[in-house]
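Engineer: Taken in sequence, the protein lines are chains A and B.
The opening residue of the first sequence carries number 3 in my numbering; numbering runs sequentially from there.
The opening residue of the second sequence carries number 1317 in my numbering; numbering runs sequentially from there.
Even for Gly, the Cβ is constructed at its ideal location relative to N, Cα and C.
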Amino acid sequence: MFFENRLAAVGLLLIVGLVAFSFLGPLLHPTDQVHTDLANAYAAPGVEGYALGTDGVGYDQLGRLMFGGQTSLIVGLAAGLLATAFGTLWGATAGFVGGWVDAVMMRVVDALLSIPALFLFMLIATIITPTVPMLVLTIAAFAWLNPARMIRGDSIALRSRDFIVAMRGMGGGSLRAVRTHVVRNAIGTVIVNATFQIADAILYVAYLSFLGLGVPPPAANWGGMLSSGLSEIYSSHWWLVYPPGILIILLVLSFNFVGDGLRDAFEVRLRKR
Amino acid sequence: MRATIGRSSRAIGAAAAAVALLLAGCTAGSSTPEGAAADGSSVSVAMTTPTWILPISQPGKTGGENDIFGQALYPSVFSYDLGGEDEYNLDHEHSVAESVEVSEDGLTYTTALKDLEWSDGTPISARDVEFWFNLIAANKADWASYTEGGFPDNVESFDVIDDTTFSITTTEVYSPGWYIGNQLNSLTPMPQHAWDKTSDEGEVGDLDRDPDTAQDVFDYLVSAAEDPASYATDDLWSTVSGPWTLESFTPGGEVVLAANEKYTGADAAELSQVVFQPFTDDTSQFNLLRSGGIDYGYIPPNALDQQEIIEQNGYTVEPWDGWSITYVALNFANPESGPLFEQKYLRQAMQQLIDQESISEVVWNDAASPTCGPVPQEPGAAGTSEGCAYGFDPEAATTLLEDNGWDVVPDGASTCVNPGTGEGQCGEGIEEGRELAFTMTSQSGSTAGSRMMAEIQSQFSQAGIGLEIKEVPDSVAVSQVCEEGEECSWDMSFFGSQGSWYYPVYASGERLFATDAPVNLGSYSDETADELIDATRFSSDPEALQEYNDYLAEDLPVLWMPNPVNKVSAFSEDLTGISPQDPMLRMYPQDWTRG
Chain A
3 MFFENRLAAV GLLLIVGLVA FSFLGPLLHP TDQVHTDLAN AYAAPGVEGY ALGTDGVGYD
63 QLGRLMFGGQ TSLIVGLAAG LLATAFGTLW GATAGFVGGW VDAVMMRVVD ALLSIPALFL
123 FMLIATIITP TVPMLVLTIA AFAWLNPARM IRGDSIALRS RDFIVAMRGM GGGSLRAVRT
183 HVVRNAIGTV IVNATFQIAD AILYVAYLSF LGLGVPPPAA NWGGMLSSGL SEIYSSHWWL
243 VYPPGILIIL LVLSFNFVGD GLRDAFEVRL RKR
Chain B
1317 MRATIGRSSR AIGAAAAAVA LLLAGCTAGS STPEGAAADG SSVSVAMTTP TWILPISQPG
1377 KTGGENDIFG QALYPSVFSY DLGGEDEYNL DHEHSVAESV EVSEDGLTYT TALKDLEWSD
1437 GTPISARDVE FWFNLIAANK ADWASYTEGG FPDNVESFDV IDDTTFSITT TEVYSPGWYI
1497 GNQLNSLTPM PQHAWDKTSD EGEVGDLDRD PDTAQDVFDY LVSAAEDPAS YATDDLWSTV
1557 SGPWTLESFT PGGEVVLAAN EKYTGADAAE LSQVVFQPFT DDTSQFNLLR SGGIDYGYIP
1617 PNALDQQEII EQNGYTVEPW DGWSITYVAL NFANPESGPL FEQKYLRQAM QQLIDQESIS
1677 EVVWNDAASP TCGPVPQEPG AAGTSEGCAY GFDPEAATTL LEDNGWDVVP DGASTCVNPG
1737 TGEGQCGEGI EEGRELAFTM TSQSGSTAGS RMMAEIQSQF SQAGIGLEIK EVPDSVAVSQ
1797 VCEEGEECSW DMSFFGSQGS WYYPVYASGE RLFATDAPVN LGSYSDETAD ELIDATRFSS
1857 DPEALQEYND YLAEDLPVLW MPNPVNKVSA FSEDLTGISP QDPMLRMYPQ DWTRG
């Protein structure tokens, strides 16, 4: 069903391609992404053996895109999955238990949702030197809110279903109900949401890096490269602007296509008869 | 000794500068003030919105835009021209003073004012300068330029001799060049006949002559000055002494100055109007400049390859060199890293890992030049590190570390393997196994600054010196002097994407590198340096400044860094009188003309 959605299939292929580009590419095209080389700064594509030129301090741009892609993918995937996992548990518990527990848990969610996430990211990144684990935790700390609300809705609908009532009637506990039945039956929603969370997390990494609050050099990521490249917008250094921007768009679009495909696959009503 | 501030024959060129931005030009559709005595034209200038109007600076209000704005309305007694031939670098054109004379015993400075009037027709008198002096004397702790023992502590007496003459007697004999250039530079006439009161409706009197009531007057004026939105409507600020009056101050931060029709000085405004336009960032300003929408702007360092296009669009492009130095502060007071910074060989090694010439050329697009010591090179001088005590030499840096007990691990962490204080040992306070790793606090928002840090980090890593770059906004980039008992954790701090320190006329180091100096951020302390700094204040020997420079250039109280120009200005070709731009970052739009 999933592969019948052409965009989803293309998205999956793109994700596989971008992962391979970022993690296997450096094996085929090894470059020094630690030491600067001012003597070769701003080399144009094809000059001096630099397929995609060099940046303002002499880093090989193609190698840096691979290097930067690793950060974008690792942070995006880890933060997206972490947020989805935590949000799922939170929402499922709140919805299933109900009552004052649900009220308190969801007011926490509402309160956190009322705070502009980007503002908090900037505040935290200013206080703490950004690292990959810190970025993952920071982004995940605010990205779990939407999955929590979504799964809570599913959980409320599921808790009155016969098989759960029967399980509880036979002495099954709430924890078992949430773990075994609620989460499993909401897995479609969870998976679809995870793909969008990953896409959002990748964008958040790009936002933060674009604002100069990403992982400091010599680390790199596509958002930071785009931010740096934009300062060259009026120069002839096009290779510093378009490639990271295009890669961000492709990656985010890919996850969204995959998410759409999964949603259609899980949604029985949308299946062709 | 007598210096007469006569009319200068030099062309009205004046200058400009400002920690903020620049630019000027005709603003399409801008109106000309009715009845202006000037030529009816208007010029738009890219500049940060001023936030202070009172000619008594306050902490946090010392930005260059405030100085430019303030000088347009309330020029100071002395202005300076580094390129002039005056003995004390006095700027004849723009000073309110006619002359200054130093007594034979070197203790008394007698100043005669020009025959000028306030915009309400009242003559500008020595009493107006006394009013300013009395207010800062009674409120010196709140004055941004105050340092203990400096002005006004070093004033024995202030005497009004006649309507336009006053004298200041000092407690000690100072170098006249230093005293006139660095101590009397803030003196500014303020309209005593309009401001010497404690409320809007209060009666004007001699309240400033009693220290208690002088504080009340000060509080009243400061309170009024803290509301920029009211600058154009508050009657207080309508009485001005400068060639400009404030026409409007919009909520969006645009400031419109109109030619002062009542101005009686020789440097009356030629233009009718100057509009200071604020921008949120370099890019938005540059976009407007490229479209020709502003008369006087600037090209960001990373867009300097656009110079030709800007020139084709009808602009003159000219670097605005500053009377400045740029450096990385080292925190000698940090209990962890301080003992490392105390080792001169380590400071020397780190300095030898900074390729100032290449950074200036590549990262700053030639809009920077190496800093070699605490006294700036001549503004605009071609920058090479030929004269620097320590040039870029990574191999020598590595050897130096190895010769002093360190196991150098390129791209790793160099460690102390020979602790102790003897020859060839790491030095006092450094234990065996200690790694060379520091955190550098640096300004965010500057592409060139970030790239420079990446380059330095890379070079340091090759000698096994770990450098973690932590970029923070401008407002917190300037690390604070560590007070006793407080946490003191920063290692290295850079805040010089437009130069770290702009000097007044006399580039002495009493505020920067003297023990316990207010801007001695890293708490550097050296007895010889203190003696040499004192010599620059008290001795008239021109060699004193050179000796001070040579010693600190070699002793490295900080790491010297490429010194960027303040801005690379771009102004409409039909604007004249802008060049040369003032290295001390003042701007005199009254000298500008069109056509």
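1) Given this structure, state the Cα-to-Cα distance separating residue 96 of chain A from residue 23 of chain A, to the nearest angstrom.
2) Residue 170 of chain A to residue 111 of chain A, Cα distance in whole Å?
3) Counting only beta-carbon atoms, is residue 58 of chain A nearer than 8 Å to chain B?
4) Count the other C-beta atoms from every protein chain shown that fall within 10 angstroms of the C-beta of residue 92 of chain A, then say buried if there are 16 or more, exposed otherwise.
5) Anything in chain B within Cβ reach of residue 38 of chain A, meaning under 7 Å, just list it in chain order.
6) Under 8 Å between the Cβ atoms of residue 197 of chain A and residue 153 of chain A?
7) Should residue 1393 of chain B be labelled buried (16 or more other beta-carbon atoms within 10 Å of its own) or exposed?
8) Where does residue 225 of chain A sit, in a helix, a strand or coil, going by DSSP?
9) Starting from the beta carbon of residue 220 of chain A, find every residue of chain B whose beta carbon is closer than 8 Å, and list them in chain order.
10) Run through the region 1719 to 1769 of chain B for me and flag every whole beta strand (DSSP E) of 3 or more residues, listed as ranges in chain order.
11) Find the residues of chain A that neighbour residue 1727 of chain B, judging by a C-beta separation of less than 9 Å, and give them in chain order.
12) Kindly indicate if chain A contains any beta-carbon less than 8 Å away from that of residue 1786 of chain B.
13) If we cut at 8 Å on Cβ distances, does residue 131 of chain A have a partner in chain B?
14) For residue 146 of chain A, which residues of its own chain have a beta-carbon under 6 Å away from its beta-carbon, when the five flanking residues on both sides are left out?
15) State buried or exposed for residue 1338 of chain B, treating a residue as buried only when at least 16 other CB atoms are found within 10 Å of its CB.
16) Helix, strand or coil: which one does DSSP assign to residue 1578 of chain B?
17) Assign residue 1781 of chain B to one of three DSSP states: helix, strand, or coil.
18) Excluding the five sequence neighbours on either side, which residues of its own chain have a C-beta within less than 6 Å of the C-beta of residue 1507 of chain B, listed in chain order?
19) Under 9 Å between beta-carbons, which chain B residues line up against residue 244 of chain A? List them in chain order, please.
20) Using only the alpha-carbon positions, how far apart do residue 1621 of chain B and residue 233 of chain A sit?
21) Mind checking residue 1351 of chain B: buried by the 16 CB within 10 Å criterion, or exposed?
22) How far does the alpha helix (DSSP H) with residue 244 of chain A in it extend, from its first residue to its last?
23) So residue 1621 of chain B contacts chain A; which residues on that side make the cut at Cβ distance below 7 Å?
24) What are the complete alpha helix (DSSP H) segments, minimum 4 residues, inside the region 1461 to 1533 of chain B?
25) How about residue 1606 of chain B: is its C-beta nearer than 8 Å to some C-beta of chain A?
26) Three or more beta-carbon pairs under 8 Å between the region 28 to 36 of chain A and the region 195 to 210 of chain A, yes or no?
27) Could you name the residues of chain B that residue 43 of chain A contacts, counting a contact when the two beta carbons are closer than 7 Å?
28) How far does the beta strand (DSSP E) with residue 1829 of chain B in it reach, from first residue to last?
29) Might you give, ordered along the chain, the residues of its own chain that have their beta carbon closer than 6 Å to the beta carbon of residue 1784 of chain B, omitting 5 neighbours on each side?
30) Would residue 122 of chain A pass as a contact of residue 144 of chain A if the rule is Cβ separation under 8 Å?
31) What residues in its chain sit with their C-beta under 8 Å from that of residue 191 of chain A, if we drop five residues either side in the sequence?
32) Which residue marks the beginning of the beta strand (DSSP E) containing residue 1810 of chain B, and which one marks its end?
33) Report, in whole angstroms, the separation of the C-beta atoms of residue 1281 of chain B and residue 1426 of chain B, which I expect to be a contact under 8 Å.
34) Which word fits residue 178 of chain A, buried or exposed, when buried means at least 16 other C-beta atoms lie within 10 angstroms of its C-beta?
35) Under a Cβ-count criterion, where at least 16 other Cβ atoms within 10 Å of its own Cβ denotes burial, should residue 1840 of chain B be classed as buried or exposed?
36) Between residue 1809 of chain B and residue 1644 of chain B, how many whole angstroms is the CB-CB distance? I'm expecting something under 8 Å.
Structural biologist: Taking the definition as stated:
1) Those two C-alpha atoms are separated by around 41 Å.
2) Whole-angstrom Cα-Cα distance: 28 Å.
3) For residue 58 of chain A, the answer is yes, since a Cβ of chain B falls inside 8 Å of its Cβ.
4) Buried, by the Cβ-count rule.
5) Close to residue 38 of chain A, with beta-carbon spacing below 7 Å, are these residues of chain B in chain order: 1770, 1771, 1774.
6) No, Cβ-Cβ distance for residue 197 of chain A and residue 153 of chain A is not below 8 Å.
7) Taking a 10 Å sphere around the C-beta of residue 1393 of chain B, we find 16 or more other C-beta atoms and assign the residue as buried.
8) Of the three classes helix, strand and coil, the one that applies to residue 225 of chain A here is helix, per DSSP.
9) Under the 8 Å cutoff, chain B gives 1770, 1773, 1774.
10) DSSP runs (the beta strand (DSSP E)) wholly in the region 1719 to 1769 of chain B: 1753 to 1759.
11) For residue 1727 of chain B, the chain A residues whose C-beta falls within less than 9 Å of its own C-beta are 36, 37, listed in chain order.
12) Yes, its Cβ sits closer than 8 Å to a Cβ of chain A.
13) Among the CB atoms of chain B, one or more fall inside 8 Å of the CB of residue 131 of chain A.
14) For residue 146 of chain A, where only same-chain residues beyond five positions count, the Cβ hits under 6 Å are 85, 88, 89.
15) At residue 1338 of chain B, the pLDDT of 32 sits below 50, so the modelled position is not reliable and the matter cannot be decided from this model.
16) Correct three-state label for residue 1578 of chain B: coil.
17) Three-state DSSP puts residue 1781 of chain B in coil, outside helix and strand.
18) Only 1434, 1555 meet the Cβ criterion.
19) Chain B residues near residue 244 of chain A: none, gap ~17 Å exceeds 9 Å.
20) Straight-line spacing of the CA atoms in residue 1621 of chain B and residue 233 of chain A works out to 12 Å.
21) At residue 1351 of chain B, the pLDDT of 36 sits below 50, so the modelled position is not reliable; the number obtained from the coordinates is stated separately. With fewer than 16 other Cβ atoms within 10 Å, it is exposed.
22) 244 to 268 is the span of the alpha helix (DSSP H), which, as asked, contains residue 244 of chain A.
23) Residues of chain A passing the Cβ test: 237.
24) For the region 1461 to 1533 of chain B, whole alpha helix (DSSP H) runs of length 4 or above, ordered along the chain, are 1508 to 1511.
25) Closer than 8 Å: yes.
26) No, the region 28 to 36 of chain A is not in contact with the region 195 to 210 of chain A.
27) Here the neighbours are 1678.
28) No beta strand (DSSP E) contains residue 1829 of chain B, which DSSP labels as neither H nor E.
29) Hits under 6 Å: 1755.
30) With a cutoff of 8 Å on beta-carbon distance, residue 122 of chain A and residue 144 of chain A are scored as near each other.
31) Shown here for residue 191 of chain A: same chain residues with a beta carbon closer than 8 Å to its own, the five before and five after excluded, namely 152, 153, 156, 268 in chain order.
32) Looking at the DSSP string, the run of the beta strand (DSSP E) that includes residue 1810 of chain B is 1808 to 1810.
33) This structure cannot settle anything about residue 1281 of chain B, because the visible part of chain B is limited to 1317 through 1911.
34) Residue 178 of chain A is exposed by the Cβ-count criterion.
35) Residue 1840 of chain B is buried by the Cβ-count criterion.
36) That belief holds up - the Cβ atoms of residue 1809 of chain B and residue 1644 of chain B are roughly 7 Å apart, short of 8 Å.
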